[in-house]
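Visitor:
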Amino acid sequence: MTTIYRAKRILTMNPARPQATHVAVRDGRILGAGSLDELKGWGDYTLDERFAGRILMPGLVEGHSHTMEGTFWRYAYVGYFDRTDPDGRVWPGVGSIDAVVERLKEAGAKLADAEAPIAGWSLDPIYFGGRRCTRHDLDRVSTTRAIGVLHASAHILNVNSRALELAGLLRRGVDHPGVPLGEDGLPTGELKGPEAMMPAGPHVGFDRDILACDELGLRYFARLCVRKGVTTAADLASLLPPDAVDMMQRVTGEADFPVRVVSLRRMLNLAPKDLIARAKELAEASSDRLRLGIVKIVVDGSIQGFSARLSWPGYFNGAPNGLWYVTPEELRAALALALEHGVQIHTHTNGDEATELVLDCMEEALARHPARDHRFTIQHGQLATAAQFRRMKALGMCVNLFPNHHFYWGDQHYSTTVGPERAERMNACATALANGVPLAIHSDAPVTPLGPLFTAWCAVNRLTASGRTLGSEERIGVGDALRTITLGAAYTLKLDQEIGSIECGKRADFAVLEDDPAEIGPGRLKDVRVWGTVQGGRVFPAPPAP
Amino acid sequence: MTGPLPVTVVGGYLGAGKTTLVNHLLRNAQGLRIAILVNDFGALAIDADLIEARSEDLISIAGGCICCSFGSDLMGALMKLAQRDPAPDHVLIETSGVAMPDVVARSAALIPAYAIDSVVVLADAETVRARAADRYMGDTITRQLDAADLVVLNRTDLVAAAELEALRRWMAREAPRARLIEAVRAEVPAEAMFGYSHPAVGSGTLASGAIRPAEDAAARYESASFLPDRPMDVEALARALARPECGLVRAKGVLCDADGLLKTLHLAGARFEVRPFPHAGAAATGIACIGLRGRFNRAAIEDALARAAAAAR
Ligand SMILES: [Zn+2]
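Listed in order, the protein sequences are those of chains Y and H. Okay, so the first sequence: first residue is 4 according to the working numbering, each after it adds one. Okay, so the second sequence: first residue is 234 according to the working numbering, each after it adds one.
1. If we define contact as Cβ-Cβ less than 7 Å, is H:Met234 a contact residue for chain Y?
2. Rounded to whole angstroms, how far is the Cβ of H:Gly486 from the Cβ of H:Leu494, which I believe are closer than 8 Å?
3. Which residues, in order along the segment 505 to 520 of chain H, keep a beta-carbon less than 7 Å from a beta-carbon of chain Y?
4. Closer than 7 Å, Cβ to any Cβ of chain Y: which residues of the segment 364 to 376 of chain H, in chain order?
5. So with CB distances below 8 Å, who are the chain Y contacts of H:Val331?
6. Kindly confirm or deny that the segment 518 to 532 of chain Y and the segment 476 to 484 of chain Y touch, where touching means at least three C-beta pairs closer than 8 Å.
7. Give me the Cα-Cα distance between Y:Thr388 and H:Glu415, rounded to the nearest whole angstrom.
8. According to DSSP, is Y:Lys276 helix, strand or coil?
9. Can you check the segment 135 to 209 of chain Y for any beta strand (DSSP E) of at least 3 residues that lies completely inside it and give the ranges in chain order?
10. Taking all protein chains shown into account, decide if Y:Thr420 is buried (16 or more other Cβ within 10 angstroms of its Cβ) or exposed.
11. Under a criterion of Cβ closer than 6 Å to any non-hydrogen atom of ligand 1, which residues qualify, in chain order?
12. For Y:Leu126, which residues from the same chain have a beta carbon less than 6 Å from its beta carbon, with the 5 sequence-adjacent residues on both sides left out?
13. Would you say the beta carbon of Y:Glu476 is closer than 6 Å to some non-hydrogen atom of ligand 2?
14. Using 7 Å as the limit for Cβ to Cβ distance, is Y:Met201 near chain H?
15. Based on the DSSP output, what are the partners of Y:Cys228 in its beta bridges?
16. Beta-carbon of H:Gly357 versus every beta-carbon of chain Y: anything under 7 Å?
17. Name the residue from Y:Pro323, Y:Pro316 and Y:Gly132 whose alpha carbon lies nearest to the alpha carbon of H:Thr373.
18. Within 7 Å (strictly less), CB to CB, does Y:Arg17 reach chain H?
19. Thinking C-alpha only, which one of Y:Ile348, Y:Arg148, Y:Glu105 and Y:Phe131 is nearest Y:Glu118?
20. From what residue to what residue does the beta strand (DSSP E) around Y:Leu59 run?
21. Which value, in whole angstroms, describes the spacing of the CA atoms of H:Val243 and H:Val255?
22. Report the three-state DSSP secondary structure of H:Ile444 (helix, strand or coil).
23. Using the Cα positions of Y:Ile444 and Y:Pro120, report the straight-line distance between them to the nearest angstrom.
24. Give me whichever residues DSSP pairs with H:Leu525 in a beta bridge.
25. Grouping DSSP H, G and I as helix and E and B as strand, with all else coil, what is Y:Asp249?
26. Pull out every residue of the segment 255 to 287 of chain H whose Cβ sits closer than 8 Å to any Cβ of chain Y, in chain order.
27. Give me the DSSP bridge partner(s) of Y:Ser68.
28. Measure from the alpha carbon of Y:Gly413 to the alpha carbon of each residue in Y:Tyr130, Y:Thr380 and Y:Glu168, then state which is nearest.
29. Quick one, which of Y:Gly44, Y:Ser310, Y:Met251 and Y:Gly37 has its alpha-carbon nearest Y:Leu59's?
30. Does the beta-carbon distance from Y:Leu404 to Y:Cys432 come in below 7 Å?
31. Relative to the C-alpha of H:Leu500, which candidate in H:Ala491, H:Ile523 and H:Gly236 has its C-alpha closest?
32. Who pairs with Y:Pro544 in a beta bridge, going by DSSP?
33. State yes or no: is the beta carbon of H:Ser351 nearer than 7 Å to at least one beta carbon in chain Y?
34. What are the residues that DSSP puts in a beta bridge with H:Ala342?
35. When Cβ atoms are compared, which residues of the segment 303 to 319 of chain Y fall closer than 9 Å to chain H?
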């Protein structure tokens, strides 16, 4: 059974045939893109006109997100910027601590149980003029309920007095770098880092492993993907225990599940040899809509949290250098074993010193186990230098940069974390492309909102929230940006033979758009309206907001 | 209600001898029920002959010790461990090569069921200086050493005497707070690691001469018990005993404070803690001290005791 879709315009990402008006689909795959006359040759068909006034692109590929974005939407959104939930409702950003308190009160009013906790997420006090949120602020919401609000970074939790009390932390003598104390000698309510957050997390409704998604979260995540034109999303990363794999297998396998999820296994709690063995086992368990077998190694922390490892001269504000999360020995061993066994590795590095370490270890690993087309990928690589991009190219590595950072924290990077010059070269997309490094760009949702077209807008314009253009030389063109959020990301996941362009033989994955991203103008790329998606030949309209 | 469970964190870079140390301690636990938390069993191999039973994340060891793997969730594992019946006498957390052991210890102490006993960092005498000069890991190694209460300088048999002397000076610069223990094959007596040789001390009933170094350690360590019969300023005593001239690695005791109440004193290198005695009723008072042979200074300890008693008057 063949369906031919007519569209206003199809941007194929196939350089031999960049545009078309029709695409023929059979068994969830593409027979071809071209004119109706050309496609008629495939035999009997049904002509589907529903996209006649719309633009088709290859289904967008999010190369670095976390499915927990879906999980977070059951909590109250208290971010500074407007954000769309999985149902399409736009939650206005909150601009002050008072507004945060109001939003949490509204959430509490909906709860029947007077002691039920309230959880919020995406707090960003950086926009509240330097004023930190304290337990006293949240006590205004309730003193009987435990309340916890996770920061946008997901690395800090603000709680109220009741939550501190339940966690056993409302006492004098607490001595921990992640638990600041007030003048009264009691914790202020800010809990920084997973260890400090842990004793309070369960009491405010955050599960033990905040980073993992559950079944409901996965379904919410999928609905967001449809709204953003995403048909394949990488989930970086969880521990993928057998029961989580079973759940993901079952949910993604449902007939109406709209996304292909590529879930990476994080190198944590396994020695390199066990890790690589587990990755091979996971690869065997892959299905069409759940791809497993890639490994993620976290090498350092984050720049805004001052836990990224920076090369000399370090942080602009003089903060001490960040933390390593893996030893060079383990990194080297894992890379070499992975090359030997054909397992792909993605490494999280933010600071340039961490990127340098990965490049050094990769060079040694490749000397021991020469491998072609390994596509090991630097994730984030935000501070990578031009010289490092040249080394990535020489070593056959890919990079997945994080241009959304410019918009959300670019002003802080300029003034505080890395200073003007390095802020301008952060996420150097143009340098990556000029050096021929295969490039993807990402949102790291829920750290910033899922939405490849927004990410493309960030890479094309490099505007900060205050309107500064952060490094105009590193802007890339719309064409490059669109290619990067489709084929580019697919390449880093070794899926470019299946997805990323609209051409004969590939999966019938399309982003269905109301506006033409190639025509709307670089400054409005983020405003392109998404109608929905087609995934594996199945049509998923994004339902209108309630 | 007994006091919080003491936690010792053992840090140090790869190859410093953490696995050897853990096996040594398990073999010489002397009746202490030690719970050892490790990142993963793959990275820390328990000697097969010590293992009584094992499941995916728990190994039972002859003599009542256990070993648990905590994976990515140390805090969860600690909370679970606190519920165990019977509770262990002492918890030992083995950290990864890049972790900051003092931060791990302070994290454990966020849970009310635990109190920090000490932060112990192992260093390989042969390689520690090269590691500390490493382009990537150097500052991590020195930060770890700087955070230690006790530094176990391991494999001292593999370096020449002159080199060892230079290493001691270097260590005094890098880890000025820490007491240095030198060891071969990570053979640190349980008394030095945990501060007592018998569980009765942990529960507060101090027998005279409670710290008695095991035979093999006698050559390296010296110890003594003191049984003062007067009240004393326990906080001041602890501060004095923590000074390098006393040469103490460990001290533990129950003493009568200036206010007439019983207090426990606990010292590991430069770290000390004074807490209210957790049991009702009277108890024998006394303090047991252990230090390295040659540095253990009985006169300085006696002086500290006399001054603390004078301060209470
Ligand atoms: Zn991420």
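Even for Gly, the Cβ is constructed at its ideal location relative to N, Cα and C.
Guide: This is what the structure gives:
1. Confidence is the limiting factor: at H:Met234 the pLDDT is only 42, short of 50, which leaves the residue's position unreliable, though a coordinate-based value still follows. No, H:Met234 does not count as interfacial toward chain Y.
2. Contact doesn't hold; Cβ gap of about 14 Å is too wide.
3. none
4. Tyr369, Met370, Asp372 and Thr373
5. Leu326, Trp327, Tyr328, Val329 and Thr330
6. yes
7. 44 Å
8. helix
9. 150 to 154, 159 to 162 and 193 to 195
10. buried
11. Y:His67, Y:His69, Y:Leu239 and Y:Asp447
12. Val81, Val152 and His154
13. Among the ligands in the structure shown, ligand 2 does not appear; only ligand 1 can be found there.
14. yes
15. Its beta-bridge partners do not exist; DSSP assigns none.
16. Inspection of the sequence shows that residue 357 of chain H is occupied by Asp rather than by Gly. Closer than 7 Å: no.
17. Y:Pro323
18. The amino acid occupying residue 17 of chain Y in the given sequence is Asn; Arg does not appear at that position. It does not; no Cβ of chain H falls within 7 Å.
19. Y:Arg148
20. Ile58 to Pro61
21. 9 Å
22. Confidence at H:Ile444 is low in this model, with a pLDDT of 45, below 50, so the placement of that residue should be treated as unreliable; the coordinate-derived value is given next. If DSSP states are grouped into helix, strand and coil, H:Ile444 belongs with coil.
23. 36 Å
24. H:Tyr454
25. helix
26. Asn272, Asp273, Gly275 and Ala276
27. Y:Asp238
28. Y:Tyr130
29. Y:Gly37
30. yes
31. H:Ile523
32. Y:Gly535
33. no
34. According to DSSP, which records beta bridges pairwise, H:Ala342 is partnered with nothing at all.
35. Arg312
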